[in-house]
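Undergrad: Just dropping this structure here.
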């Protein structure tokens, strides 16, 4: 059985995000006047061959802390897909 | 003095760094990222510029987990000297050997040009042949050179005089105009500009040469 985890990574709120700003500028130029803020991040989907959800969560947490996320500059969320 | 220059898949300034060490009379060995032990007698390890692992995930993030980096960490922990230039600086931050990280340039553009740096207050073997306050010309070539660190880290860097170089005119948004910093023991230097590209008037500037001169002299004296 497989479990699929989705890690969403965004720059921390107080960090300059020039890519987000560039996107925000482009959207506003397109006429979307209600844009208040845009942040750009990344999604990493990991498929694990296990049905032990607790073990999977622990492992994904370790993966995030050791490689997937730089906690100096990024924040993250882990979600499991049904 | 013996320098080991590491090549990762995608490193492209490794040869220039070897040439610079050699030009200042140091023995150089080329090291491959998969090696699991360092050769005998290495005094300094250098991590070069380039695009290790294509900058995939984050610049330097994957290279930081190379087998050789485990040895670099042990080497640094026992007081070894380490120089990280550009992608090398990014790798050192990812390894936690230096504080903070390098973000995308504030202007988003890749910057490839000569800039003026002001030598900082950090006293170290790397800066021994500069005087604090000197203005030097060194090229930069990076897309993600915007130095960031938490407020308390920045205060420590300033308070402990660990800022080695600052941009005279900040090109990329780096906090406190930081272009290069040293570790608490001052034996690890990370810098975004390329001193190895400024060792000969033919290259446009020889201001980077003083860094390698400082290393060559510093090790001769302590031998």
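Residue numbers (the working numbering), protein chains in the order written: chain Z, 2 to 83; chain C, 1139 to 1361. Just so it is clear, CB atoms sit at the ideal spot from N, CA and C, and this is done for glycine as well.
Which residues in the same chain as residue 1167(C) place their Cβ atom closer than 8 Å to its Cβ, once the five residues preceding and following it in sequence are excluded?
TA: Within the second chain, numbered from 1, the residue matching residue 1167(C) stands at position 29. Correct list, in chain order: 1140, 1141, 1142, 1143, 1177 and 1180.
Undergrad: Count the other CB atoms within 10 Å of the CB of residue 1200(C); is the residue buried (16 or more) or exposed (fewer)?
TA: As a working note, residue 1200(C) is residue 62 in the second chain. Buried is the call here.
Undergrad: Identify the contact partners of residue 1246(C) in chain Z, using a Cβ-Cβ distance below 8 Å as the criterion.
TA: In the second chain, counting from the first residue as 1, residue 1246(C) sits at position 108. Neighbours of residue 1246(C) on chain Z, chain order: 19, 20 and 23.
Undergrad: Quick one: which chain C residues come within Cβ less than 8 Å of residue 71(Z)?
TA: Along the first chain, read from residue 1 onward, the residue named residue 71(Z) stands at position 70. Near residue 71(Z) (Cβ distances below 8 Å), the residues of chain C are 1196, 1199, 1232 and 1239.
Undergrad: Between residue 1183(C) and the rest of its own chain, which residues show a CB-CB distance below 7 Å, the 5 nearest in sequence each way excluded?
TA: Position 45 of the second chain, counted from the start, is the residue given in the question as residue 1183(C). Within the same chain, residue 1183(C) has close Cβ partners 1142, 1144, 1210, 1213, 1218 and 1220.
Undergrad: With three or more beta-carbon pairs closer than 8 Å as the criterion, would you say the region 1347-1358 of chain C touches the region 1259-1269 of chain C?
TA: Because the criterion of three Cβ pairs below 8 Å is met, the region 1347-1358 of chain C and the region 1259-1269 of chain C touch.
Undergrad: I believe residue 1235(C) touches residue 1326(C) by the beta-carbon criterion, under 8 Å. Please report the beta-carbon distance rounded to the nearest angstrom.
TA: By one-based count along the second chain, residue 1235(C) stands at place 97. By one-based count along the second chain, residue 1326(C) stands at place 188. Indeed they touch by this definition, with Cβ atoms about 6 Å apart.
Undergrad: Alpha carbon to alpha carbon, how far is residue 9(Z) from residue 62(Z)? Give it in angstroms, no decimals.
TA: On the first chain, residue 62(Z) is found 61 positions in, with the first residue counted as 1. On the first chain, residue 9(Z) is found 8 positions in, with the first residue counted as 1. So the alpha carbons of these two residues sit roughly 12 Å apart.
Undergrad: Alpha helix (DSSP H) containing residue 1230(C): first to last residue?
TA: Position 92 of the second chain, counted from the start, is the residue given in the question as residue 1230(C). Its alpha helix (DSSP H) spans residues 1225-1233.
Undergrad: Would residue 1331(C) and residue 1287(C) qualify as a contact pair, given that the criterion is a beta-carbon distance under 8 Å?
TA: In the second chain, residue 1331(C) corresponds to position 193, counting from 1. In the second chain, residue 1287(C) corresponds to position 149, counting from 1. Against a cut-off of 8 Å, the Cβ pair of residue 1287(C) and residue 1331(C) comes out as no contact.
Undergrad: Would you mind working out which of 1146(C), 1223(C), 1279(C) and 1158(C) sits nearest residue 1302(C), comparing C-alpha positions?
TA: Numbered from 1 along the second chain, position 164 holds the residue referred to as residue 1302(C). Checking every option, the nearest Cα to that of residue 1302(C) belongs to 1223(C).
Undergrad: Mapping the DSSP letters down to three states, classify residue 1284(C) as helix, strand or coil.
TA: As a position in the second chain, residue 1284(C) is number 146, starting the count at 1. Strand.
Undergrad: Assess contact between the region 20-33 of chain Z and the region 47-62 of chain Z, defined as three or more Cβ pairs (one per stretch) separated by less than 8 Å. Is contact present?
TA: Not touching, per the Cβ criterion.
Undergrad: Determine, using beta carbons only, whether residue 1203(C) comes closer than 8 Å to chain Z.
TA: Working through the second chain from its first residue, we reach residue 1203(C) at position 65. Closer than 8 Å: yes.
Undergrad: Measure the CB-CB distance between residue 1254(C) and residue 1313(C) and report whether it falls below 8 Å.
TA: Reading the second chain from its first residue, position 116 is the one you call residue 1254(C). Reading the second chain from its first residue, position 175 is the one you call residue 1313(C). Cβ atoms of residue 1254(C) and residue 1313(C): not closer than 8 Å.
Undergrad: Using the DSSP secondary-structure output, state which residues sit across from residue 1168(C) in a beta bridge.
TA: In the second chain, counting from the first residue as 1, residue 1168(C) sits at position 30. The partner list for residue 1168(C) (beta bridge, DSSP) reads 1143(C).
Undergrad: Around the Cβ of residue 1207(C), are there at least 16 other Cβ atoms within 10 angstroms (buried) or fewer (exposed)?
TA: In the second chain, residue 1207(C) corresponds to position 69, counting from 1. Burial call: buried.
Undergrad: Helix, strand or coil for residue 1159(C) per DSSP?
TA: To locate residue 1159(C), count along the second chain from 1; it is residue 21. Of the three classes helix, strand and coil, the one that applies to residue 1159(C) here is helix, per DSSP.
Undergrad: Taking 7 Å as the limit between beta carbons, can you name the residues of its chain near residue 1356(C), skipping five residues before and five after?
TA: Within the second chain, the letter at position 218 stands for residue 1356(C). Closer than 7 Å at the Cβ level, and outside the excluded window around residue 1356(C), lie 1263 and 1266.
Undergrad: Please state whether DSSP places residue 28(Z) in a helix, a strand or coil.
TA: Along the first chain, one-based indexing puts residue 28(Z) at 27. Of the three classes helix, strand and coil, the one that applies to residue 28(Z) here is helix, per DSSP.
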